[in-house]
Amino acid sequence: MVIERRWKKWVFFYIPLTLFIIGTLFPFYWMFITSIRPDAELYRSWRAVNNAPFWTLHPTLDHFQDLMAKTTFPTWLWNTFFIAVASTLISLFCGLLAGYALARLRFPLAGTLGTSIFVTYLVPPTLLFIPLADIIRNFQLGNTPWALILTYPTFLVPFCTWLLMGYFKTIPRELEECARIDGASRFGAMVRIIFPIAVPGILSAGIFAFTLSWNEFIYALVFLSSPERKTVPVGVVSELIRGDIYFWGQLMAGALLGSVPVALVYSFFVEYYVTGLTGSVKG
Amino acid sequence: MKNPIAGGAGGAAGVEVALPHPRTSRVQPRTRVLESERLLAALLLAPAVLLLGTFIAYPFVMGVWLSLSSTTVGTAGTFVGLKNFEKVWNDSIFREAFQNTAIYTGLATLFKLSLGMWLALLLNRHFRGKRLVRASMLLPFIVPTVLSTYAWRWMFDPTFSVLNWTLYKLGFIADKLPFLSDGVWGLGCAIVVNTWRGMPFFAITLLAGLQTINPDLHEAASLDGANAWERFWYVTWPLLKPVTLVVVVFSVIQTFSDFQLIYVLTGGGPANSTHLIATYAYQIGVATGLLGEGAAISLFMLPVLFIVVWLQLRYLRRLEGA
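Below, the structure is given as structure tokens:
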């Protein structure tokens, strides 16, 4: 290996890495410290002498209590969770079947279909939200969870299909052929032999899809209107700021609690998530 | 297997059950239909195609129609030709939004790529706690953008900014910086936040690319007397180019069509100076209710997206051809 001097390692490795860690994680620390700081300390002029912004000696859970008791935050949390799980399941179902067909079966227009699914993957939601809002209204889906459960798959299905197609291509054809010689139908071989092998791929796609739907904002903002129907990101934006006044303690408590579920799911499945992430951009 | 029944005509299915064919009789008539690749493919693709057709292709056609009509919320519009596009093109706020979007996308992508590459190179080395560091580096990318952007907005707060406090205490500034109360500063802050959020995506995908590079190549290059920079430039970078291109394409599309970050951080203000195409489309199409004009604004994203997607597809084709 390349031998390095000690000071070099500090200058080129430890110091930059530490700066990266601080820069990346500081906003989260700031979220946390704000959420447990009493209001009297929060709104102190930045030039006040006794100001110590980086820690607090009077931690409080008031903001969390207010958030849980006085707002519909718990409902938003549940809505977000339900919508994210439902749209992920729908997308996995569609992606699994379509991915298998594109990876394994020969049929006319296979190439064209594959390409067009890939192109829809690159269509950003902000291009379509205005006409989609109209369509959702016409389907009588406005202000229901179904408006999101059915539209989130538009950016999840292409991704799941793409990822799973890649995964299926790595599974040797012989496995399927053996099963078919033993009398399994093509459909049976797919469901009983190929899908179980693809579980890691399915998990990667599922975790990634879940975080994407938890993160989604513009559709939820445009399609939902009543406070008790909203998801966490939209609820925080539209209900926690009353008029022009920002209740930063509560806002940061909400931001923290709204991030925890998705961060938990992520921390349990880091490796799968990373596979999903890197797979999402591979051709 | 393709044609299990010899001379299989009309009543073959019925005959087959009666005949002692151990293999083929196990396949039920219902599932045998699925043995046809075309039919099975059609069935398997149907859910995805139906969903994408209803909620992507149909809205797209609808969007084009809306942009050519005078529709507003509550009133069905009439066909007005390219009037919306003309109006939008002559709108000074739109022009500024378009320019902002270009600057925002260009600078943020540049920063994300260079910082992401740097972080990937750091993470590619061996050190204690590597897995934990790598996992925590991805947090900005996982956490909902809207929520983390609020933390940034609070850090940029005009009266209580912790950044102002720190810089002041360290003696770098004498008065507070106008983070979000000035258009240019506002866009700068948005670029910083976008970089913070998107950089891990670059770092982790580039790291995955780095790990596929054979360490022997570096060894050989350093034996030949190449220094660290030369090893990066002549060995790592050329091998990393394909994955870099793909990541950049994805990032450009996401940044170019960004909405939530600006919506939360500046809301397009002060005085409409930090709008992006998407936030301006929202303001006109949803907040004001001019659906036709709003749809026209979003469609202005299309040419740029089209070029990017075309480049990506061409690149994919070339990979398949090779």
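Protein chains in written order, with this note's numbering: chain W, 1 to 283; chain B, 1001 to 1322.
Yeah, the Cβ is synthetic: ideal placement off N, Cα and C, and Gly gets one too.
If you're wondering where the values come from, they're calculated on a predicted model, not measured in any experiment.
What in chain W is Cβ-close to residue i, meaning under 7 Å?
i	result
B/Q1260	F217 and I218
B/S1298	T126, L127 and I130
B/S1181	Ordered by position in chain W, no residue passes the 7 Å Cβ test against B/S1181, which lies about 14 Å from the chain.
Helix, strand or coil: how does DSSP classify residue i here?
i	result
W/F26	helix
B/R1038	helix
W/Y152	coil
W/S259	helix
B/R1131	helix
W/S280	helix
W/R44	coil
W/I171	coil
W/R37	coil
W/R6	helix
W/R242	strand
W/Q140	coil
W/D182	coil
B/S1222	helix
For residue i, would you say it is in contact with chain B, using Cβ-to-Cβ distances shorter than 7 Å as the test?
i	result
W/F73	no
W/S259	yes
W/T112	no
W/D194	The sequence given here has Ile at residue 194 of chain W, not Asp. False, the Cβ-Cβ gap to chain B never drops below 7 Å.
W/A84	no
W/W30	yes
W/F107	yes
W/N59	Per the sequence shown, the amino acid found at residue 59 of chain W is Pro instead of Asn. False, the Cβ-Cβ gap to chain B never drops below 7 Å.
W/L203	no
W/L77	no
W/L277	yes
W/I241	no
W/W248	yes
W/I207	no
Quick one: residues in its chain with C-beta nearer than 6 Å to the C-beta of residue i, no 5 flanking neighbours on either side, listed in chain order?
i	result
W/V292	Residue 292 of chain W is absent from the structure shown; chain W starts at 1 and stops at 283.
B/T1205	V1247
B/N1272	I1093
W/T179	Sequence check: residue 179 of chain W is Ala here, not Thr. So the qualifying residues of the chain are A189 and I193.
B/S1298	A1281
Please report whether the beta-carbon of residue i lies at a distance below 7 Å from any beta-carbon of chain W.
i	result
B/V1286	yes
B/P1144	yes
B/W1233	no
B/S1373	For chain B, the structure presents residues 1001 to 1322; residue 1373 of chain B sits outside this window and is missing.
B/L1280	In the sequence under discussion, the amino acid at residue 1280 of chain B is Tyr, which differs from the Leu named in the question. Chain W contact via Cβ: absent.
B/I1204	yes
B/Y1104	no
B/E1037	yes
B/S1025	With a pLDDT of 45 at B/S1025, under the threshold of 50, the modelled position of that residue is not reliable, and the figure given next carries that caveat. Output row for B/S1025: interface = no.
B/A1295	yes
B/L1113	no
Mind listing the chain B neighbours of residue i? Cutoff is C-beta to C-beta under 7 Å, in chain order.
i	result
W/G235	In chain order: nothing, as chain B lies at least about 10 Å away.
W/I21	V1133
W/L224	What W/L224 touches in chain B: nothing, since even the nearest Cβ is about 12 Å away.
W/A69	Neighbours of W/A69 on chain B: none; closest Cβ ~20 Å, over 7 Å.
W/V270	A1135
Strictly below 8 Å CB to CB, what residues from chain B border residue i?
i	result
W/F267	One point to set straight first is that residue 267 of chain W is Ser, not Phe, in the sequence displayed. Ordered by position in chain B, the residues that pass the 8 Å Cβ test against W/S267 are A1135.
W/M252	Y1150, A1151 and W1154
W/D39	Here the premise fails: no neighbours, minimum Cβ distance about 12 Å.
W/A179	Those do not exist, as W/A179 stays about 12 Å from chain B at its closest Cβ, beyond 8 Å.
W/W214	P1144
Leaving out five residues on either side along the sequence, give the residues of the same chain with a beta carbon under 7 Å from the beta carbon of residue i.
i	result
B/I1253	L1305 and V1308
B/W1152	V1193 and L1265
B/T1071	G1077, L1291 and G1292
Residue i touches chain W at which residues, Cβ-Cβ below 8 Å?
i	result
B/T1212	Here the premise fails: no neighbours, minimum Cβ distance about 10 Å.
B/I1056	T120, V123, L128 and T154
B/P1140	T24 and P27
B/R1128	In chain order: nothing, as chain W lies at least about 12 Å away.
B/I1253	L122 and P124
B/A1208	V274 and T278
At a CB-CB cut-off below 9 Å, which residues of chain W make contact with residue i?
i	result
B/M1301	P124, T126 and L127
Which chain B residues are close to residue i, counting only those with a beta carbon under 9 Å from its beta carbon?
i	result
W/F13	L1122, R1125 and F1127
W/G95	A1048
Report all residues from its chain with a CB closer than 8 Å to the CB of residue i; omit the five preceding and five following residues, and keep chain order.
i	result
B/G1014	Its pLDDT being 38, under 50, B/G1014 is placed unreliably in this model, and the value from its coordinates should be taken loosely. Answer for B/G1014: no residue qualifies.
W/M68	P74
B/R1231	H1218, A1221 and S1222
B/Q1211	N1124
Extract the residue ranges of the alpha helix (DSSP H) inside the stretch 1033 to 1120 of chain B, only unbroken runs of 4 or more that lie entirely within it. 1037 to 1052, 1058 to 1067 and 1083 to 1089
List, from N- to C-terminal side, the alpha helix (DSSP H) runs of 4 residues or more that fit wholly inside the stretch 198 to 256 of chain W. 199 to 215, 218 to 223 and 232 to 239
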